[in-house]
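> Under numbering that gives the first Met the number 0, the very last position in the sequence shown is 671; numbers go up by exactly one each time.
Beta carbons are placed, not taken as given, at the ideal position from N, Cα and C, and that holds for glycine.
Predicted model, so just to flag it, every value in this text is computed and none were measured.
Dropping the structure in here first, questions after.
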Amino acid sequence: MNFENTKNKKIIATLLLTLLLIVSLTCVNFIMNLNKVTHNETERYLVEVSQSISTTINVKCKSIFRTLYSMGDTYFEINDSEKEVNRYLSKKLKLFEFDWLGIIDSNGNFVSALKDTGNVKGQDFYRKALQGKETITPVKSQSGTYGILYSVPLYNGDKIVGAVAAWNTIDTMRNLLSVESFHGEGFSQIIDQDGNFIVSSANKNAPKNVVNFFDMIKHQGKQVDKNKLEEMKINLKKNKTGSMYYTLNDGISKAMHYLPLQEENLYLLSVVPTKTASAQFDLLLKKAIFINILIVILFLLLIILIMFINQKNRAQLIKIAYVDSVTKGYSKARFDIEAKKIIQSSSSESYSLVSINIQKFKLINDSFGSEAGDKTLKYIHDVISNYLEPGELLCRVSNDQFNVLIKTIPQKEILKYIENITNDINSFNKNEECKYFIALSIGVYKIDDPNLPLVSIQDRANVARKNNKGNIGNHPLYTCVFYSDLERLKMIKEKEMENRMEEALNNNEFIVYLQPKISLKDNTIVGAEALVRWQDPNKGLIPPDEFIPFFEKNGFITKLDHYVFEKVCSMIRKWIDNGETPMPVSVNFSRANLNNIDFLEKYRMLRNKYNIPAKLLEIELTETLVFENLQKLINIIDQIHEEGFQCSLDDFGSGYSSLNMLKEIKVDTYKT
0 MNFENTKNKK IIATLLLTLL LIVSLTCVNF IMNLNKVTHN ETERYLVEVS
50 QSISTTINVK CKSIFRTLYS MGDTYFEIND SEKEVNRYLS KKLKLFEFDW
100 LGIIDSNGNF VSALKDTGNV KGQDFYRKAL QGKETITPVK SQSGTYGILY
150 SVPLYNGDKI VGAVAAWNTI DTMRNLLSVE SFHGEGFSQI IDQDGNFIVS
200 SANKNAPKNV VNFFDMIKHQ GKQVDKNKLE EMKINLKKNK TGSMYYTLND
250 GISKAMHYLP LQEENLYLLS VVPTKTASAQ FDLLLKKAIF INILIVILFL
300 LLIILIMFIN QKNRAQLIKI AYVDSVTKGY SKARFDIEAK KIIQSSSSES
350 YSLVSINIQK FKLINDSFGS EAGDKTLKYI HDVISNYLEP GELLCRVSND
400 QFNVLIKTIP QKEILKYIEN ITNDINSFNK NEECKYFIAL SIGVYKIDDP
450 NLPLVSIQDR ANVARKNNKG NIGNHPLYTC VFYSDLERLK MIKEKEMENR
500 MEEALNNNEF IVYLQPKISL KDNTIVGAEA LVRWQDPNKG LIPPDEFIPF
550 FEKNGFITKL DHYVFEKVCS MIRKWIDNGE TPMPVSVNFS RANLNNIDFL
600 EKYRMLRNKY NIPAKLLEIE LTETLVFENL QKLINIIDQI HEEGFQCSLD
650 DFGSGYSSLN MLKEIKVDTY KT
């Protein structure tokens with residue numbers, strides 16, 4: 000905007016004055032129409048209150064249902080004795096703060112945490128539970144207290160064998176309705192489809208000793224619109240929301256909004272006296288008149304101020320938004336805007352996004368200071384900029400990460416391109432006596448779908464960079480990985496395994512098989528090796544090469560090792576108890592176990608638990624421990640022998656071990 004140009008000044012002044020006039024007229028119109036919107040605002044506020052309370056109730060009910068389902072899942076793990084069941088229910092009653100909690104069998108007989116018994120076979124909630132439905136039912140206790148009964152099906156496997164039910168007094172649900180609205184004048188209630196009050200309100204404006212809402216309106220009330228009550232009945236049957244205005248015998252006009260809850264046949268009513276709502280808007284009207292007059296005055300003053308500072312601020316904002324403060328190149332915001340335009344106007348695979356991260360950049364800041372770090376970033380940015388062709392972009396995304404949008408070239412040429420950049424970046428070392436090399440981690444995504452959101456494109460390049468498995472370019476100063484769907488699918492599969500691994504372990508989905516060891520001398524079985532397979536209920540048998548490497552990476556392998564070891568101990572215990580001659584069984588020992596100082600403690604406890612002779616258990620180590628730390632391996636073997644366990648070394652000779660090490664590694668068995 001050029002304010003020295005008289006013509007432009009007049010245009011701007013005209014526009015601003017026109018805007019001032021529009022604002023003034025808008026303010027007058029707002030004041031004149033504020034009373035008219037009181038009705039709509041009251042309804043809007045009631046809707047918000049209703050939705051808020053509805054969400055709270057729905058979340059609470061879902062939480063209770065999840066709790067009951069969880070109890071059903073664990074119920075069959077306890078002893079079937081009445082004492083154990085009562086103890087289990089009493090514990091859950093206190094934990095989840097229910098007033099009553101019970102398990103109902105397939106014949107309708109129930110036992111509860113309060114040690115009462117009975118039969119509910121004819122009850123509607125029990126019938127629905129056997130049909131697989133969750134229910135919320137108003138129930139009066141034996142003592143005459145009103146409350147809410149929550150019930151869910153009780154599953155044994157895939158079969159419904161009863162129900163799990165919990166009861167709380169009506170006060171528990173009433174507390175959820177006690178959200179203050181309109182300074183305590185508003186209130187909420189819950190009714191069923193027939194208008195019966197399920198949960199009433201203790202608010203001073205709420206009706207007292209009323210059983211049915213429809214009857215109350217019919218006999219005690221007067222509607223603003225006589226059709227609204229019938230409309231409400233129809234809406235409730237269709238699970239629709241709505242509102243109505245009515246006046247009871249107390250002469251107080253009220254506005255009400257109703258909406259269905261998630262649970263079947265329950266509806267929330269939110270009510271406020273219209274006088275209360277109007278009072279708020281009367282005060283608002285007075286304030287609005289004052290504020291609008293003040294706005295017009297201030298707006299007039301601001302017009303003058305804006306005309307003077309707009310030019311300066313606009314230039315400054317552009318610089319802040321679009322220029323990186325360190326590299327003086329594109330900011331991420333500018334890069335995203337330009338990259339989106341280029342990508343969406345290009346065909347598939349025309350461009351590739353390269354994500355570059357400076358390895359151990361923090362060391363540069365720590366060793367040479369942040370100023371030197373900023374100079375390094377500027378230097379790297381300038382080097383990469385020299386390789387950009389028309390239509391290609393570069394920006395610094397974060398502290399030590401760059402994004403480069405380049406025209407797609409063959410993979411070998413991209414690797415050469417990256418190698419040249421890396422070499423140029425490190426060329427400053429050429430004449431330096433004390434060299435300091437800068438290494439890069441790089442991910443490349445060939446954009447095969449130009450319609451993908453830019454954030455997804457960037458994520459895929461980042462996924463490739465962060466999940467590299469090695470140095471594709473065979474260069475000492477960079478690693479480069481190209482994104483592929485195979486990698487993405489692998490990550491999805493790993494995420495699925497991660498989500499299920501704990502549940503699978505608890506459900507005994509990991510099956511232990513014994514592979515016999517045959518003596519070459521007399522062809523007899525002299526031992527066995529424990530192997531584990533994952534029997535997923537949906538995917539079937541999962542081979543170990545799909546889950547073992549992942550479990551080794553995320554650390555879950557230690558739990559699996561302990562699980563397999565305990566299963567083996569249990570097998571040997573059964574052999575001994577059945578009078579069979581037990582044979583030694585070897586189990587794998589993952590190196591992740593070594594992260595625990597007392598790594599054999601768990602094995603010792605399990606052996607003692609099943610009272611198994613230690614000589615029948617063989618712990619199998621892998622040869623990789625040999626070249627990682629030979630002395631550490633020797634110490635581990637000594638500790639295994641001190642516990643009385645046998646010890647074997649798997650894959651001997653496949654790596655760096657040799658016959659010269661036989662005298663140092665005191666294992667009982669070598670496997671090749």
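Below 7 Å CB to CB, which residues in the same chain sit around Leu-148 once its five sequence neighbours on both sides are set aside?
Phe-124, Thr-136, Val-138, Ala-164, Trp-166
> Quick one: what's Ser-269 bridged to in DSSP?
Ser-187, His-256
> What is the residue span of the beta strand (DSSP E) that Val-584 lies within?
Following the DSSP letters along the chain, one finds Val-584 inside the beta strand (DSSP E) bounded by residues 584–587.
> Taking 9 Å as the threshold (C-beta atoms), are Phe-401 and Ile-342 in contact?
no
> Look up Ser-140 in the DSSP assignment and say whether it is helix, strand or coil.
Coil, per DSSP.
> For Leu-247, collect the residues of the same chain with a Cβ closer than 6 Å to its Cβ; drop the 5 residues on either side in sequence, then sort them by chain order.
Within the same chain, Leu-247 has close Cβ partners Gln-219, Gly-220.
> Measuring alpha carbon to alpha carbon, tell me which residue in Leu-519, Asn-592, Ile-63, Arg-532 is nearest Asn-552.
Checking the sequence, you will find Lys at residue 552 rather than Asn. Nearest C-alpha to Lys-552: Asn-592.
> Give me, in chain order, the residues of the same chain whose beta-carbon lies closer than 7 Å to that of Asn-202; leave out the 5 immediate sequence neighbours on both sides.
Phe-186
> Which same chain residues, not among the five before or five after Leu-260, have their C-beta less than 7 Å away from its C-beta?
Ser-53, Ile-56, Asn-57, Tyr-266, Leu-267
> In three-state DSSP terms, what is Tyr-74?
helix
> Is it true that the stretch 342–351 meets the stretch 405–422, where meeting means three or more beta-carbon pairs spaced less than 8 Å apart?
yes
> Buried or exposed, going by whether 16 or more other CB atoms sit within 10 Å of the CB of Gly-469?
Because Gly-469 sits at a pLDDT of 46, beneath the cut-off of 50, its placement in the model cannot be relied upon, and the point is left open.
> Run the CB neighbour count on Gly-472, radius 10 Å, all protein chains shown included, and call it buried at 16 or more, exposed below.
With a pLDDT of 49 at Gly-472, under the threshold of 50, the predicted position of this residue should be treated as unreliable, though the coordinate-derived value follows. By the 10 Å Cβ count, Gly-472 comes out buried.
> Here's the rule: buried if 16 or more other CB atoms are within 10 angstroms of the residue's CB, otherwise exposed. What is Met-604?
exposed
> Just reading off the beta strand (DSSP E) that Ile-446 is part of, what are its end residues?
No beta strand (DSSP E) holds Ile-446; DSSP gives it neither H nor E.
> Locate the beta strand (DSSP E) running through Tyr-350, then write down its first and last residues.
350–357
> In chain order, which alpha helix (DSSP H) runs of at least 4 residues are fully inside the stretch 171–235?
212–219
> Would you mind sorting Val-525 into buried or exposed? The rule is 16 or more other CB atoms within 10 Å of its CB.
exposed
> Which one or two residues does DSSP pair with Lys-339 in a beta bridge?
Beta-bridge pairing links Lys-339 to no other residue.
> With which residues is Cys-568 paired in a DSSP beta bridge?
Beta-bridge pairing links Cys-568 to no other residue.
> So, at 8 Å on beta carbons, what are the nonlocal neighbours of Asn-106 in its own chain, with the 5 sequence-adjacent residues on each side left out?
Cβ-Cβ distances below 8 Å link Asn-106 to Asn-118, Lys-120 in the same chain, with the five nearest sequence neighbours on each side left out; the list follows chain order.
> What residue range does the beta strand (DSSP E) around Phe-95 cover?
Careful: Phe-95 lies outside any beta strand (DSSP E), inside the alpha helix (DSSP H) at 81–95.
> According to DSSP, is Tyr-482 helix, strand or coil?
Assigned with DSSP and collapsed to three states, Tyr-482 falls in coil, not helix or strand.
> Helix or strand or just coil, what does DSSP make of Pro-515?
strand
> Note down the Cα distance separating Lys-672 from Val-563, rounded to an integer number of angstroms.
As displayed, the chain neither begins before 0 nor continues past 671, which places residue 672 out of reach and without an answer.
> Along the beta strand (DSSP E) that carries Gln-534, what are the first and last residues, could you check?
524–535
> Roughly how many whole angstroms lie between the Cα atoms of Ile-292 and Lys-286?
10 Å
> Report yes or no: do three or more beta-carbon pairs, one from the stretch 20–32 and one from the stretch 225–237, lie closer than 8 Å?
The stretch 20–32 vs the stretch 225–237: no contact.
> Alpha carbons only, please: which of Ile-190, Leu-153, Asn-195, Asp-98 is nearest the one belonging to Thr-168?
Asp-98
> Label Ser-77 either buried or exposed according to how many other C-beta atoms from any shown protein chain fall within 10 Å of its C-beta, with 16 as the threshold for buried.
First, the residue type needs correcting, since residue 77 is Ile and not Ser in the sequence shown. So Ile-77 ends up on the exposed side.
> According to DSSP, is Cys-60 helix, strand or coil?
helix
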